[in-house]
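Down below is the structure, laid out as structure tokens.
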Amino acid sequence: MTTLQYQCAMSLDGFIAGRDGDMSWLDTGTAPGETNPLVAQVGAVLSGARTYHGDDPNAGTEQEGGYDGQYTGPTIVLTHHVPPSAPPGVTFADDLGKAIELAREAAGDRLVSVLGADVARQCIAAGLLDEVLVHLIPVLLGDGVRLFDNPGGDPVRLEVLESGPLMVRARIVR
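Read in order, the letters of the sequence shown are residues 1 to 174 in the UniProt record's numbering.
Okay, here's the thing in structure tokens:
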């Protein structure tokens, strides 16, 4: 079965985006021409609307777009406002279950990369998120979008599957 994996980069103080969704602080560490190893594992992206329309730190360069411009597969965008048309390779959905179904179908036996804190939170609440992959970036942002923000919610237990320098991959314990 396809794995739904929340993938993000996070500042050391727990933010995945700066104030107002700012991503200019993000340096993925992938040099131009270097292949991001996640690209080969991802069969589809499930993105929130804010993330999809967000601030790309590589805007205007050859590295613009997902995974430093290397991802060209299907993208499903969860949004409250489905536009009448979509760019090639992009599908908009206004229902979480339908968006996940479309992403799983598109991904085949590869990962569905979940992008966006709110979409990941919704997937966790629905019991549908399988893993979390966090790359730590050595910066302190002080404010912004938290990795997981669920005031008053229950703790989510994680089992570490893999860790390395500035990276943790964990499974959601059900």
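Even glycine gets a Cβ: it sits at the ideal position worked out from N, Cα and C.
On a Cα-Cα basis, can you pick out the residue from Ala117, Arg157 and Glu159 that is closest to Phe148? With distances taken between CA atoms, Phe148 lies nearest to Ala117 out of Ala117, Arg157 and Glu159.
According to DSSP, residues forming a beta bridge with Gly48: Leu78.
When DSSP labels each residue in this structure, what does Leu96 get in the three-state scheme? Residue state for Leu96 is assigned as helix, using DSSP reduced to three classes.
Rounded to whole angstroms, what is the Cα-Cα separation between Gly18 and Gly108? Spanning the two alpha carbons is a distance of roughly 33 angstroms.
Quick one: what does DSSP say Glu64 is sitting in, helix, strand or coil? Here Glu64 scores only 47 on pLDDT, less than 50, and its place in the model should not be relied on; the value that follows carries that caveat. In the structure shown, the three-state DSSP call for Glu64 is coil.
How is Leu140 classed by DSSP in three states: helix, strand or coil? Of the three classes helix, strand and coil, the one that applies to Leu140 here is coil, per DSSP.
Could you give the DSSP three-state label for Gln41: helix, strand or coil? DSSP places Gln41 in helix when its eight states are reduced to three.
Please name the residue, chosen from Cys123, Pro165, Leu111 and Val139, that lies closest to Met1 on a Cα-to-Cα basis. Comparing Cα-Cα distances from Met1 to each of Cys123, Pro165, Leu111 and Val139, the minimum goes to Leu111.
Which of helix, strand or coil does DSSP assign to Gln122? If DSSP states are grouped into helix, strand and coil, Gln122 belongs with the helices.
Under 9 angstroms, do residue 180 and Val134 count as touching if we go by C-beta distance? There is simply no residue 180 to check, as the chain begins at 1 and stops at 174 in what is shown.
Let me know the secondary structure DSSP gives Gly164 once reduced to three states. Strand at Gly164.
Extent of the continuous beta strand (DSSP E) run through Phe15: Its beta strand (DSSP E) spans residues Phe15 to Ala17.
Give the DSSP-derived three-state secondary structure of Ala170 in the structure shown. DSSP places Ala170 in strand when its eight states are reduced to three.
Examine the ligand SAM and report whether any of its heavy atoms sits within less than 8 angstroms of the Cβ of Leu12. Only the bare structure without any ligand can be found here, which leaves the ligand SAM out of the picture.
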